[in-house]
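A short write-up of the structure that comes next.
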Amino acid sequence: MEPVISLTGVSAELGGQRVLHGVDLAVHPGEVVALLGANGSGKSTAVRAAVGQVPVSAGTLTLFGTPVRRFRDWARVGYVPQRSTAASGVPATVREVVAAGRLARRGLRPLRRADRAAVDLALDLVGLADRANDAVDALSGGQHQRVLIARALTAEPEVLIMDEPLAGVDLASQRVLAGTLRTLVADGVAVLLVLHETGPLQPLIDRAVVLAHGRVERTVEHPAGLPESPSCHPADAAEPSAESPLRTGIL
Numbered sequence: 001m002e003p004v005i006s007l008t009g010v011s012a013e014l015g016g017q018r019v020l021h022g023v024d025l026a027v028h029p030g031e032v033v034a035l036l037g038a039n040g041s042g043k044s045t046a047v048r049a050a051v052g053q054v055p056v057s058a059g060t061l062t063l064f065g066t067p068v069r070r071f072r073d074w075a076r077v078g079y080v081p082q083r084s085t086a087a088s089g090v091p092a093t094v095r096e097v098v099a100a101g102r103l104a105r106r107g108l109r110p111l112r113r114a115d116r117a118a119v120d121l122a123l124d125l126v127g128l129a130d131r132a133n134d135a136v137d138a139l140s141g142g143q144h145q146r147v148l149i150a151r152a153l154t155a156e157p158e159v160l161i162m163d164e165p166l167a168g169v170d171l172a173s174q175r176v177l178a179g180t181l182r183t184l185v186a187d188g189v190a191v192l193l194v195l196h197e198t199g200p201l202q203p204l205i206d207r208a209v210v211l212a213h214g215r216v217e218r219t220v221e222h223p224a225g226l227p228e229s230p231s232c233h234p235a236d237a238a239e240p241s242a243e244s245p246l247r248t249g250i251l
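In UniProt numbering, the protein residues as written are 1 to 251.
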């Protein structure tokens, strides 16, 4: 089965500094893969490269068999970035923010019945159907994260990429996220996660790839024995920053 995401010998630089060194990684349909490692190990850079935000300096990176530099069908990719807020300072309801995810399929055309149904389904999946008309700025941090996930899901992606989805999120929201991912995976959606702690997501993970200093240190298949706060996650220097806007369609 062809992987939905494939990195072969991938290297990448940020600010003139090599961050990834020959990384190999593959994610197949219906599979949950977690990237683990210390801060600065290259986890976030790897997923940002996968969505075209960080250029690859060596190796091959493909999405659905197409080199990422030529990939255009971004509706197939759902991306939830790290440390973001749902409203970004703009007054909006939960439904309005989630509906923005349909831009990947509809562009700026008015929402139709299928679009509204996709929004309703996404809200239901993340447990926020009862908060649809509430202002986003009235939500907790965990609920904000669930709004962002719902926004990504409205495009009905075939792969969902999330960067630190558990960071600063309450346990109740972590459990809702685990239930949401379980439903998506059962429908064949692939999931790539950057995690500092596995938490309630641990039973869902098919493979954990541990990065250290931009290289794959080890891979653990069906990591049921991994601790929820892996010892491979000590505090470390943050990865170099890079100013790069999100691609239209994977907001």
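No residue lacks a Cβ here, since even glycine has one placed at the ideal position from N, Cα and C.
Per DSSP, which one or two residues make a beta bridge with residue i?
| i | result |
| --- | --- |
| SER140 | Bridge partners of SER140: none, in fact. |
| GLY78 | LEU160 |
| THR60 | THR8 |
| ARG113 | The partner list for ARG113 (beta bridge, DSSP) is empty, contrary to what the question assumes. |
| VAL68 | Beta-bridge pairing links VAL68 to no other residue. |
| ALA211 | The displayed chain sequence assigns Leu, not Ala, to residue 211. Partner(s): GLY37 and VAL216. |
Who are the near neighbours of residue i in its chain, counting only those whose CB is closer than 8 Å to its CB and skipping five residues on each side?
| i | result |
| --- | --- |
| SER44 | GLN82, ASP163, GLU164, VAL194 and GLU239 |
| ARG182 | LEU204 |
| GLY188 | PRO29, GLY30 and GLU158 |
| ALA172 | GLY142 |
Using DSSP with H/G/I as helix, E/B as strand and the rest coil, what is residue i?
| i | result |
| --- | --- |
| ARG18 | strand |
| THR45 | helix |
| ILE5 | strand |
| residue 256 | Limits of the chain in this structure are 1 at one end and 251 at the other, which puts residue 256 out of reach. |
| VAL191 | strand |
| ALA150 | helix |
| VAL54 | coil |
| PRO200 | helix |
| SER13 | Reading the sequence as shown, one finds Glu at residue 13 and not Ser. Three-state result, GLU13: strand. |
| ALA155 | coil |
| GLU96 | helix |
| ALA26 | strand |
| TYR122 | Residue identity check: residue 122 is Ala in the sequence provided, not Tyr. It is helical. |
| LEU181 | helix |
| VAL220 | strand |
| ALA132 | coil |
Out of the options, state which residue places its alpha-carbon closest to the alpha-carbon of residue i.
| i | options | result |
| --- | --- | --- |
| ALA167 | LEU177, GLU158 and VAL97 | LEU177 |
| PRO203 | GLU221, ARG70, HIS28 and ARG116 | GLU221 |
| LEU192 | ARG48, ARG95 and GLY214 | ARG48 |
| VAL210 | ASP24, GLY9 and ALA12 | ASP24 |
| GLN17 | GLY37, GLY214 and GLY101 | GLY214 |
| GLY9 | LEU171, ARG72 and VAL56 | VAL56 |
| ALA117 | ALA135, ASP134, ARG131 and ARG95 | ARG95 |
| residue 267 | VAL19, ALA46 and SER11 | Shown here, the chain extends from 1 to 251; a query on residue 267 therefore has no answer. |
| ILE97 | LEU123, ALA114, GLY179 and ARG113 | Here the sequence assigns Val to residue 97, which means Ile is not the residue at that position. Among LEU123, ALA114, GLY179 and ARG113, the Cα nearest to that of VAL97 is on LEU123. |
Can you tell me whether residue i is buried or exposed, with buried defined as 16 or more other CB within 10 angstroms of its CB?
| i | result |
| --- | --- |
| THR66 | exposed |
| GLN53 | buried |
| LEU35 | buried |
| PRO110 | exposed |
| THR219 | exposed |
| ALA135 | exposed |
Report all residues from its chain with a CB closer than 6 Å to the CB of residue i; omit the five preceding and five following residues, and keep chain order.
| i | result |
| --- | --- |
| VAL68 | GLY52 and LEU61 |
| PHE71 | LEU63 |
| VAL33 | VAL27, LEU192 and ARG207 |
| VAL169 | GLY142 and GLN145 |
With a threshold of 7 Å on Cβ separation, who are the neighbours of residue i within its own chain once the five nearest residues in sequence on each side are excluded?
| i | result |
| --- | --- |
| ALA155 | ALA75, GLY78, GLY101, ARG102, ALA104 and ARG105 |
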